[in-house]
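Below is one structure, written out as C-alpha cells, with a few remarks after it.
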RNA sequence: GACCCCGUAGCUCAGUGGAUUAGAGCGCUUCCCUGCGGAGGAAGAGGUCGUGCGUUCGAGUCGCACCGGGGUCGCCA
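In our numbering, the protein residues as written are 225 to 799.
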C-alpha cells in the first residue's frame with residue numbers, strides 16, 4: 225500500500241535526484257516542526273559540506289533547478305536559509321487522502337511491512353488463584369495494543385498469556401482449599417475469598433509446622449502429577465481464567481494461547497542440561513546450577529541446591545518452546561520494569577546457549593503504579609486496586625455523566641456508552657504516555673472527560689457521526705462533490721494529519737509505543753474540533769462544498785475509529 | 001557498592017541532532033451559544049528543559065560526572 229504521504233515523500237526524493245545536483249545518499253528528508261509552514265524539509269548542511277558550498281546557496285540553487293511533474297502532490301518548493309522546504313498541493317492532497325481513506329475504510333492504516341514475519345507477544349500473565357491487579361492491568365492493556373499494532377503492520381502475531389500457574393505457593397493454595405473448602409462466590413469475588421483463605425493458611429502454618437508440612441506435601445503431590453492434586457489445581461486455573469475472561473471481554477482483549485508456566489515442567493531438566501553442556505552454567509559445591517560472569521551481569525541460578533527449578537528455568541524453556549513452535553522474528557515481553565534485570569539475564573543466557581539465533585528478544589518495560597500518597601500499590605499495604613472493581617467503579621462514574629449529559633438516550637444505550645467511556649478511561653490511562661514512566665493513580669485525571677482523555681476522543685467521533693446522521697436525514701441535495709474545494713486552512717491541517725495515520729502506526733510499532741497512536745488520535749480530535757468550529761458542513765456555502773465536507777467528516781470518523789480500535793477503545797455512534 | 005528507569009510550565013505529559021517564539025492537557029484569567037453535539041472552540045499568564053563540563057557548524061535531544069526520585073542485585077515470581 226502506497227499512502228499519499230509516502231507518495232509525496234517519494235516524489236520529493238525523485239525531483240531532487242532529477243536535478244542531478246545532489247546525490248541520493250545525501251538526501252535525508254525530515255518532518256519540520258509544526259511552526260514551519262512546510263510538510264517535508266531537506267536540511268542542506270551535509271550535502272553542502274560534501275559539495276563545498278554554503279548551505280543557503282545550495283538550497284536556493286536546488287529550489288531553482290527543481291521541476292515539478294504535472295499532477296504532482298508537491299505544491300511548493302522554497303529555500304529558506306539552509307533548508308529546502310516542500311509543501312503539499314492542497315487540492316490534490318485533499319483528493320488523494322479522502323479517496324484513499326474511503327477506499328480502504330476499516331483497513332486504513334494497514335501496512336504489509338510484517339509480511340512473512342511472526343511476533344510473539346507475552347502479556348497479561350495473571351497469577352492463578354489471585355485477582356488481577358494494577359500490574360496485570362498495565363501488561364494486559366499495553367500488550368493488547370501492541371498486538372493490534374503489529375497485526376495492522378502485517379505481522380503474524382501470536383499472543384501468549386504466560387500464566388503464573390506453578391510454583392511452591394500452590395502447596396498452600398491446595399492445602400487451604402482442602403481445609404476451608406471452595407469459595408462459593410463468582411468472578412473476582414471468588415478469587416478474593418481464595419486469597420483470604422491462602423493468607424489465613426499461610427499465617428497459621430507459620431505457627432504450626434504440621435500445616436506447613438502438609439502444604440509442602442500438596443506441593444509435592446502436584447509436581448508428581450497426583451490426580452487429586454492435579455484436579456484441584458485445574459479447578460483453581462479454571463476459576464481464575466473465567467474471572468479473567470470477563471475482564472478481557474470488557475477490555476477487548478483476546479490472547480491466542482495461555483500455556484502458562486506449568487506447561488514447561490517437562491522441558492526443565494533438558495534446558496538445565498543444555499546450559500551445563502554448553503558451559504554457560506556450572507554446578508557448584510552445594511549442587512545448585514549457577515550462571516556466572518555472563519556479560520558482566522550479576523550471578524544467578526537456574527536450579528536450586530535441592531534440585532528445584534526457578535522462574536528463570538521456566539523462562540528458558542518458554543523461549544526454547546516459542547522459537548521451535550512459532551519461529552518468531554521477535555518475542556516481545558510486556559513485563560514490569562522491576563523485572564528488567566531478570567530479563568536481561570534470561571536474554572543473555574539463551575543467546576549464549578544458541579536458543580535464539582533468529583529471534584530478537586524485547587522487553588517492553590512499564591513503570592510502577594503509585595497511589596495518591598506516593599506509595600506503591602501492594603496487597604500487603606492494603607491499597608491494592610483490582611481490575612474488576614476498577615472497571616466497575618469507572619463505568620458507574622461514567623454512567624452518572626451520561627445521565628447528566630444525555631438524559632434522552634434509551635437506557636440500554638446509556639449503559640453501553642457508560643461501559644465504553646468508563647472502560648475507555650481505564651485503558652487510556654495506561655496508553656496515553658510512555659509506559660516506562662511510573663504512574664500515579666489519579667482518579668480525577670483518569671476519568672476526566674476533557675482534554676487529552678479517551679472521552680474527548682470518543683466524543684469527537686460521535687460528533688462526526690452526528691453530522692453524518694443529520695445529513696442523511698436531510699436527504700441532502702445530491703450534488704456532486706469536489707474534494708478540491710477542501711482548501712480552508714483548518715481543512716488542510718486536518719487532511720494532512722489524517723494522512724499521517726499509517727506513519728504513526730509504523731512508528732508505534734518500531735518504538736513499542738502505543739502512545740504514538742494515542743497522540744495521533746488526540747491531535748486528530750483537536751484538528752477536527754477546529755475544523756468543526758470554523759467550517760459549517762450541513763450549511764456550507766455551496767452544495768458541492770457540503771458534499772466535500774461531509775466526505776471529510778466521514779473519513780475523519782473512519783480514521784479516528786481505526787486509531788481508537790488500535791488502542792482497544794470503542795467508538796460509540798452517540799454518547 | 002554495582003547496574004537499570006525517570007527528571008521539560010504549579011500538576012500530568014509530548015518533543016529519538018537542526019529553522020526568530022521548546023509544544024499540549026489540567027488548573028488559573030478572559031472571551032465565543034440568531035451555525036451541524038459546550039463532554040466544544042479562541043486568547044492570555046506561566047519555562048535557568050535537574051546541575052556542570054564536553055562532542056558538534058548546530059544539543060531539551062549525543063557523551064561523561066554529579067544531584068534528586070523510583071527500582072533491582074545466586075536458591076520468590
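From the three backbone atoms N, C-alpha and C, an ideal C-beta is built for every residue, glycine too. Please read these numbers as outputs of a predicted model, since none were measured by experiment.
Classify residue 408: buried if its beta carbon has 16 or more other beta carbons within 10 angstroms, exposed otherwise. exposed
Would residue 685 and residue 795 qualify as a contact pair, given that the criterion is a beta-carbon distance under 8 Å? yes
So within the segment 241 to 293, which uninterrupted beta strand (DSSP E) runs reach at least 3 residues, ignoring any that extend past its ends? 264 to 267
Identify the continuous beta strand (DSSP E) that holds residue 527 and give its terminal residues. 524 to 527
How long is the line joining the alpha carbons of residue 500 and residue 397, rounded to whole angstroms? 34 Å
Candidates 302, 568 and 257, of which the one nearest residue 236 by Cα: 302
Among residues of its own chain, excluding the 5 on either side of residue 491, which ones have a beta-carbon nearer than 6 Å to its beta-carbon? 541
Assigned secondary structure, residue 311 (DSSP; H/G/I helix, E/B strand, else coil): strand
I'd like the list of long-range same chain contacts for residue 507, defined as Cβ closer than 6 Å, with 5 residues on each side in sequence excluded. 513
Assign residue 562 to one of two classes, buried (16 or more other C-beta atoms within 10 Å of its C-beta) or exposed (fewer than that). exposed
On a CA-only basis, which of 585, 279 and 387 is nearest residue 355? Give me that one, please. 387
Residue range of the alpha helix (DSSP H) that includes residue 503: Per DSSP, residue 503 belongs to no alpha helix (DSSP H) and is neither H nor E.
Relative to the C-alpha of residue 395, which residue among 447, 428 and 269 is closest? 447
Using a threshold of 8 Å, state whether the C-beta atoms of residue 372 and residue 710 are closer than that. no
Out of 720, 746, 767 and 569, which has the shortest C-alpha to C-alpha gap to residue 706? 767
Under a Cβ-count criterion, where at least 16 other Cβ atoms within 10 Å of its own Cβ denotes burial, should residue 239 be classed as buried or exposed? buried
Which stretch, first to last residue, makes up the alpha helix (DSSP H) that contains residue 485? Where residue 485 is concerned, there is no enclosing alpha helix (DSSP H), given that its DSSP letter is neither H nor E.
Along the alpha helix (DSSP H) that carries residue 298, what are the first and last residues, could you check? First-last for residue 298: 298 to 304, but that is the beta strand (DSSP E), not the alpha helix (DSSP H).
Please classify residue 451 as buried or exposed, where buried requires at least 16 other C-beta atoms within 10 Å of its C-beta. exposed
Cβ-based neighbour list, residue 390, same chain, cut-off 6 Å, excluding 5 preceding and 5 following: 485 and 486
Nearest-angstrom beta carbon gap, residue 783 and residue 692 [assumed within contact, 8 Å]: Their Cβ separation, rounded to whole angstroms, is 14 Å, which puts residue 692 and residue 783 out of contact at 8 Å.
Which residue from 748, 344 and 475 puts its Cα closest to that of residue 586? 344
Can you tell me the Cβ-Cβ gap for residue 313 and residue 325, rounded? I've got them flagged as a contact below 8 Å. Residue 313 to residue 325, Cβ: 18 Å. No contact.
Looking at the structure shown, is residue 559 part of a helix, part of a strand, or coil, going by DSSP? strand
Please state whether DSSP places residue 656 in a helix, a strand or coil. coil
Where does residue 367 sit, in a helix, a strand or coil, going by DSSP? helix
Restricting to Cα atoms, I'd like to know which of 337, 478 and 437 is closest to residue 385. 478
Quick one: what's residue 464 bridged to in DSSP? According to DSSP, which records beta bridges pairwise, residue 464 is partnered with nothing at all.
Closest by C-alpha distance to residue 470, when choosing among 714, 675, 251 and 612: 612
When burial is assigned at 16 or more other CB atoms within 10 Å of the CB, is residue 632 buried or exposed? exposed
Sub-8 Å separation of residue 341 and residue 553 beta-carbons: yes
Best match in 300, 445, 621 and 261 for proximity to residue 645 [C-alpha to C-alpha]: 621
Out of 323, 739, 520 and 750, point me to the one whose CA is closest to residue 681's CA. 750
In this structure, does DSSP put residue 624 in helix, strand or coil? helix
Given residue 543, which residues of its chain have a CB within under 6 Å of its CB, disregarding the five upstream and five downstream residues? 574 and 579
Would you identify the three-state DSSP class for residue 736, choosing helix, strand or coil? coil
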